[in-house]
Amino acid sequence: MNDIFFSRRHFLSRGVPLLSVAATVPAFLDRSAFALAGDNPNNAKKADHVLVVVQLAGGNDGLNTIIPVTNDEYYKARPTIGIAKENALRLNDEFSTHPSAVGLKKVFDAGYLSILHAVAYPNPNRSHFRATDIWTTAEPEKVAKSGWIGRYCDACCSGEDPGPGHKRVPPDPATAIALDLEPPTAMIGPSYVPLSFRSPQNLGFHEAKTDQAKAAFEKLNTPNSSGGMMDAIDDDDHRPPAIPMGVNGSLTQDADAAAFLQRSALNARLYADRIRKSTAAVANKATYPATEFAQDLKLVAQMIASDLPTRVFYVKLGGFDTHSGQIARHDKLMAEMGDGLAAFVDDLKALGQLDRTTLMTFSEFGRRVHENGSGTDHGEAAPLFVIGARIKPGFLGTFPSLDPAKLHRGDVPYTTDFRSLYATILHDWLAVDETKVLGQQFKKLDLFKA
Amino acid sequence: MSRRNFKILPILAVLSCLAGPVWAAGNDAAADWSRDDAAHLLRRAGFSGTPEDINRLHALGKRAAVEYLITGQLAKGAAAPLEKVDLPALQVQAPAAAAAAQAAKKAAALVPVRDWWVDRMIRTDRPLEEKMTLFWHGLFTSGIREVKSADQMAEQNQLFHTYALGNYKVLAHQILHDPAMLKYLNNNQNLRGRPNENLARELCELFTMGEGKGYTEKDIAEIARALTGATVRGGVKNPQGAYVFLPAKHDATPKTIFGKTGNFKPDDVVDLIFDQPEPANYLARKLWEFYAFPSPTDADIAPVVAALRDSHYEVAPALRAMFVSPGFYSDKAKFAIIKSPTDQLIETIRQLGISTTTPQQLTAVCAAIGACGQTLFQPPNVRGWPGGDDWITAATLYARYNNAAALVDGSIQPAAAAANNKSPRAVADEPRRITIASQPAKMFADLGPSPTAEELLDAAIDRFLERPLHPVKRKVLLDSLGSAPLRLGTAETDARIRQMLALLLSTPEYQVE
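Just so you know, the protein sequences line up as chains Z and L, in that order. Going by my numbering, the final residue of the first sequence carries number 450, and the count climbs one at a time with no gaps. Going by my numbering, the final residue of the second sequence carries number 963, and the count climbs one at a time with no gaps.
Here you go:
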């Protein structure tokens, strides 16, 4: 099959589990079952450190975001859309930011922003989808079957059942939360699937009119014990018995689809109430712009400050594919991004949560150095941002030459591999062995304060 | 009534034999064509239906049923499985005045178009045409947000309707003349000396060949040059613009594509691509995953690939090959697909036997589909809807439950026409106003005026799940009906049945087809 279209079922049924075979999909029911029984071992408490991932979807134009204002090659390549030094917002002698990125400059001036130059990977891919898959799976060379955060959840956030047998149990379903209708690839692990929703208000079944109907709804949305739709529901003991496995230890197609839906239904039901209650208990302490991106960050701030055990949040800002009409579109995006981030930092600081939060942005690629008239085509490396109170602020990494002879296919060549950033965040911030997630070692960055 | 009610069959068989049919019921051994197979075919090649619809389709026999769904043709004397309806044509009028053109840019202008399409899905007796239109919309994607013209999105939808069961290659040619597509993928910015690769890349990667399959980065760059000059230009009479090829903007120097060199123009690109082996493989796999089951093997799709090659990319033979193949009816296929939001809503409406809707209700249905993650005319990106497990999240599952239950119960969220343009968050906060109530008394009339709770429940499970429900869950639903005798048509009984149906449809089991 065309590999890029692999689905979550593909992940689930054919992914090579990082844990034991017993920890593949329906074993995940274990964790839900524990939650159901109020018996929640490990990792259900608040995490020490939280990571927020912001995806700038569509390929953000790095050169017009962090502008090399002393670089003649930049201005030669961009006679129409280049941003003049006097219009840009000064960060240091060499670099300024976009005139609309007022919020970003505010965060930089406050000492909470690290700008990492020219991030990509060897032989970058210019397809939105392949490039996004590469960033989110952290696998540039082959089509991978799971996302890096998903692998982190499976490999590093699961624990041991305190009961007899000390079986490994899967991560808490709320370990990763995405504010999207679709779960992002980055958060889908060999067995872990994040909670995804746009608003906590979406999470509720409104049609059960009586307590009796509510109870019936709950029973109908409680998995049968094997995860299959045709197996007995174990009413007294929610801990599921052995899972029916197909050849090679993979799940059978039927058990797979059924288990997936059963698990989704149970998790949705269990966590809907919890998230609504947790967020309702937190009042934001900053004023956010009315944009969807800022409102998403506002909700993330509430969840960070709440009692949820979530370790990673995921927010998406789209529209960066500026093939044409870039000036107006990028202007709006830079304001939306910067103002949202600035409000988020203010809020977390006031809520006393900035010390335990790190935010990182990424985009699937930067854009071509040369403009195409009114916009820019798909490119390669671009800067990305890391925000928090525990990072070393300023610039990190090397800005490459824009000399046409030194460009890579007309694109900004990378000087930092994005997996170095992942490794640094996993090891220095989330305090785990990064090789469990990335499969190998990468040079770590001098990003976090000691 | 029982779902195993075949009393109509012998009469049809007699009629068919008398008429000397091309596709007679007797052509298919009963073992090769069960009623469950017919129900499966109608779910996949259509939007499911009532038990009576399924009985009539089953009575045709396998070949004739497949032929009916693909061509609409029946042997003389055979009863049409689906009720024949007259559907209104969509009036697409390019606004003459600039002000009207401005209004048409707004997404709200798309509401009547979306409603028109959903109305067709609900009522048509040619559901496969609508399903293929949805397939093409997800393959040759464009979105109203980027295109900024409701009329051009409507025009593109008409194109998909016209070629729904037509020819893949011809449709690929047409799509390069389609204003919405040229705008969506920026070919209006693809000019001599300043190539824009967006359309070239997606044409290969997503529309015809598959990422990295059979083309190189160099091919993309060359195809982009060959596509220069195909653009959209407006005038006084048509301010929104129409397709035009501008020779002055076209790069007329030679290009080398797939190893062939020539002064290629946009239409040549399609011919060059379809001379490659990839498009037949690519489409066959896409069709199989859309209609049959995910991740098929090469052997699974081989008959579909062969049908596409032999017919030079005709879609009907490819669908025929798929719908008669044993794999399509295998356990691997049945109930292996998670319903798309469109399928789920339309199937529910059809299974409930609701056939008339007001414009407001149609708008509400469109918004309900959008709340589940499938806003028609606005796929998430050029890749379309990934589908499968990606449909299901905590939020979309609740949206599905609430939508289905609301359809049963007589209220559906949200109401305002503008809801289609709002973010899912805004939609969620809309009050529910519009009612499309199911009629339990009509749905279960065959059971007589006072069925037992067990009879009614089993009829409901047959009608909606089309397979048995686990006994423990069945008991939960039985209990929900209460112990008082049922008297169909009374408000009290109807309310109990509606509550039970709302629960039945709000299960993981109902989300697969």
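Just so you know, even glycine gets a beta-carbon here, dropped at the ideal spot from N, CA and C. Note that the structure is predicted; figures quoted are calculated from it, not measured.
Item: L/Y763 versus L/E580 - alpha carbon distance; Value: 19 Å
Item: Three or more C-beta pairs below 8 Å linking the stretch 785-799 of chain L and the stretch 843-855 of chain L; Value: yes
Item: Residues sharing a beta bridge with L/E764, DSSP; Value: L/N617
Item: The ligand ZN heavy atom lying under 7 Å from the CB of L/E728; Value: Among the ligands in the structure shown, none appear at all, so the ligand ZN cannot be discussed.
Item: Contact set between the stretch 312-334 of chain Z and chain C, restricted to residues whose Cβ is under 7 Å from the partner; Value: Note that chain C does not occur in the displayed structure, where the protein chains are Z and L.
Item: Nearest neighbour of Z/L354, chosen from Z/E207, Z/L116, Z/K285, Z/I67 [CA to CA]; Value: Z/K285
Item: Alpha helix (DSSP H) segments (min. 4 residues) lying fully within the stretch 273-312 of chain Z; Value: 292-305
Item: For L/Q889, the first and last residue of its enclosing alpha helix (DSSP H); Value: Counting along the chain, L/Q889 falls outside any alpha helix (DSSP H), and DSSP gives it neither H nor E.
Item: Residue nearest to Z/I425 in terms of C-alpha spacing, selected from Z/K46, Z/G388, Z/K332, Z/R78; Value: Z/G388
Item: C-beta neighbour in chain L for Z/L51, strict 8 Å; Value: no
Item: Interfacial residues, the stretch 143-162 of chain Z to chain L, with Cβ spacing under 8 Å; Value: none
Item: DSSP three-state assignment for L/L758, whether helix, strand or coil; Value: helix
Item: Minimum C-alpha distance to Z/L181 - residue among Z/P173, Z/R198, Z/P190, Z/P170; Value: Z/R198
Item: Cα-Cα separation between L/G777 and L/I911, rounded to whole angstroms; Value: 26 Å
Item: Buried versus exposed, by CB contacts within 10 Å (16 or more), Z/F11; Value: Confidence at Z/F11 is low in this model, with a pLDDT of 35, below 50, so its placement is unreliable and no value can be given for it.
Item: Separation of Z/S324 from L/R644, as counted between CA atoms; Value: 12 Å
Item: Closer than 8 Å to chain Z by CB, L/K923; Value: yes
Item: 3-residue-minimum beta strand (DSSP E) runs that sit fully inside the stretch 308-382 of chain Z, ordered along the chain; Value: 312-317, 357-362
Item: Beta-carbon proximity of Z/T416 to Z/G397, cut-off 8 Å; Value: yes
Item: Spatial neighbours of L/D1011 in its chain, beta-carbon cut-off 6 Å, leaving aside the 5 residues before and after; Value: Lying outside 451 to 963, the shown extent of chain L, residue 1011 of chain L is not represented and no answer is given.
Item: Segment contact flag, the stretch 675-694 of chain L with the stretch 731-751 of chain L, C-beta cutoff 8 Å, min 3 pairs; Value: no
Item: Three CB pairs or more closer than 8 Å across the stretch 925-943 of chain L and the stretch 495-515 of chain L; Value: no
Item: Residue range of the unbroken beta strand (DSSP E) whose run includes Z/A176; Value: 176-178
Item: Cross-chain neighbours of L/R570 in chain Z, by beta carbon under 9 Å; Value: What L/R570 touches in chain Z: nothing, since even the nearest Cβ is about 25 Å away.
Item: CB contact below 8 Å: L/V815 versus chain Z; Value: no
Item: Other residues of its chain near Z/S96: CB distance less than 7 Å, five sequence neighbours each side excluded; Value: I67, V69, K85, A88, L89, R90
Item: Where L/K705 sits in the DSSP three-state scheme; Value: strand
Item: For Z/L113: DSSP bridge partner residues; Value: Z/I387
Item: Span separating the alpha-carbon of L/L507 from that of L/A530; Value: 8 Å
Item: Neighbourhood of L/K668 by C-beta, 8 Å cutoff - its chain only, sequence neighbours within 5 removed; Value: T706
Item: Straight-line gap, Z/S363 to L/A891 (C-alpha atoms, nearest Å); Value: 56 Å
Item: Spatial neighbours of L/A674 in its chain, beta-carbon cut-off 7 Å, leaving aside the 5 residues before and after; Value: N640, P645, N646, E647, A650
Item: Stretch-stretch touch, CB-based, cutoff 8 Å, three pairs: the stretch 797-814 of chain L with the stretch 571-586 of chain L; Value: yes
Item: Any C-beta of chain Z under 8 Å from that of L/S930; Value: yes
Item: Identity of the residue in L/F708, L/L696, L/G662 nearest L/D725 by Cα; Value: L/F708
Item: Rounded straight-line distance, which links the Cα of Z/G410 to that of Z/L402; Value: 9 Å
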